[in-house]
Amino acid sequence: MKENKPVMARRRIALFQYPHLLAFGFTLAFFSGFGQTFLLSLYVPEIAASFTLSNTQLSSLYAMATLGSAFILPWVGHYVDIWPLRRFTTAVILGLSIALLTLSLAPHPLVVLLGFWWLRLGGQALMGHTAISTLARAYEQARGKAISLATLGHPAGEAVLPLAIAGLIAAAGWRSALQWSAGSLLLLVLPLCLWLLRAAPERVAFPGGADWKRAPRGLSFGPTYWKLLGSASFWSIAPAACLWGAVITAVLFFQLQLGAARGWSTQWVAGSIGAFAAANALAMMGSGVIADRLTGRKAYPFFLLPMLAGLLLLIFIRQAWAYPVVLFFIGMSNGAGSTLLNTTLAEVFGTASIGAVRSLFATALVVSTAIGPVAFGALSDLGMGFEGVLGVAAGSVALGVAWSVVWVGTGQA
């Protein structure tokens, strides 16, 4: 059913009601790349050489840091529902800057672990968490489009930051590149974000209210995490989200081994990531429109279908041309998931404690990204070929879609 023109016009007006907040969200999403794997991987060879670490040792440090950041996120992330937004944003950006400086000055592998942990918490988790929580709270009519526009900062960062950081590393070394990154956050990003928040409405600028200092400091603020974990809504939505994180991470983690097994060149496999980035950006935008028209709750059960199609293609087609097509399909699910999950959470749980809710789901997602490669590797070590492992993944995704259709699609979430 087509919407009438007045409704469409109102939604367009609503979308650009807070242009400064859209720019704020995009900026945080863009610079969250400083704590993302796609950028930190550029430092890996240099750090390994500096501390004579094997690939296994360094990857173990990284995995421990990632899991550590995931488990502390619920205790930190819920403060976005309490503190004034400018205060919370300042703390997040300062923290990420200190993390970059800590890693740049690391004299020992244990300090590398500390730096990785802080970077994963500040960059991968809290930068995007702050952006999406803010937009979910600010917008109602055009929430899906607003979140999708802001999260375009992620693919934009994927396109721009690796080139810049690779050039810095080549010109000045990995330690100086980290220090330049910290300086850019302090001197450019923080002032820009504070300026963009100058006109934020009161309910966004002070989510905990004017007397926020008296708000509970524990997990009792809003729905508690234990209450969330015990709710039918959490277990209705979480399985598909966790499968999304686990499968995407595992496929990308083992893509070079898969390519080698099928005779694909490393250059072809690495170059195919462009299809993933393109689909990611397109799906972010398209899913925002869909969420605003159908609601996120109704659209969410189907966001894994492109990934399922990509996995089936990867199982049955061994020619090299298939891989960028596979990544395009997987990128569609990734982009749609990032928008539809967040709009669904706002619709199901409300926005008063959206930071606490998102923190819990973000923790589940990060844990799933750590489990995915381990599960793939374990099945492979047991003698199962890539086709068999991918078949297990495809079957799991199919079950995740069915679960979401039954529980979320029927409105029981």
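Residue -1 is where the sequence shown starts when you use the working numbering, and the numbers rise one by one after that. Think of the CB as a built atom: it goes at the ideal place given N, C-alpha and C, for glycine as much as any other residue.
Close CB contacts of THR367 within its chain, under the 6 Å cut and outside five residues either way in sequence, are with GLY243 and THR247 (chain order). Cβ-Cβ separation between LEU147 and LEU20: approximately 6 Å, consistent with a contact (criterion under 8 Å). Collapsing the DSSP output to three states places PRO82 in coil. The three-state secondary structure of ARG196, taken from DSSP, is coil. Secondary structure at TYR137: coil, using DSSP grouped into helix, strand and coil. The DSSP assignment places 126 to 136, 141 to 149, 151 to 170, 172 to 182 and 188 to 194 as complete runs of the alpha helix (DSSP H) inside the stretch 118 to 197, in order along the chain (cut-off: 4 residues). For LEU397, the closest C-alpha among the options SER234, GLU156, ALA258 and LEU183 is that of SER234. Sequence-distant Cβ neighbours of SER174 in its own chain, meaning closer than 8 Å and more than five residues away, are SER102 and LEU166.
Ranked by how close their Cα comes to the Cα of MET330, the residues GLU345, GLY207, PHE49 and PHE301 have PHE301 in first place.
In the structure shown, PHE301 falls within a coil segment according to DSSP collapsed to helix, strand and coil.
Here the C-alpha atom of HIS106 lies approximately 15 Å from the C-alpha atom of ALA63. Exposure of GLY181 is indicated by the presence of fewer than 16 other C-beta atoms within 10 angstroms of its C-beta. PHE114 and MET283 have their C-alpha atoms roughly 31 Å apart. At the C-beta level, LEU40 and ALA164 come within 8 Å of one another. With a cutoff of 8 Å on beta-carbon distance, PRO160 and ALA279 are scored as not near each other. The beta carbon of TRP266 sits closer than 8 Å to those of GLY257, ALA318 and TYR321, all from its chain and outside the five residues before and after it, given in chain order. For HIS18, the enclosing alpha helix (DSSP H) covers residues 17 to 29. In the three-state DSSP reduction, GLN253 falls in the helix class (H, G or I). 8 Å or more divides the Cβ of LEU59 from the Cβ of VAL42. Assignment of TYR41 by DSSP, reduced to helix, strand and coil, places it in the coil class.
In the same chain as LEU112, and ignoring 5 residues on each side of it, the C-beta atoms closer than 7 Å to its own belong to THR100, in chain order. Between SER67 and GLY126, the C-beta gap is not smaller than 8 Å, which leaves the two residues out of contact. Of the residues assessed, THR132 falls on the buried side of the cut-off, its CB having 16 or more other CB atoms within 10 angstroms.
Between PRO205 and the set PRO72, LEU71 and PRO82, the nearest pair of CA atoms involves PRO82.
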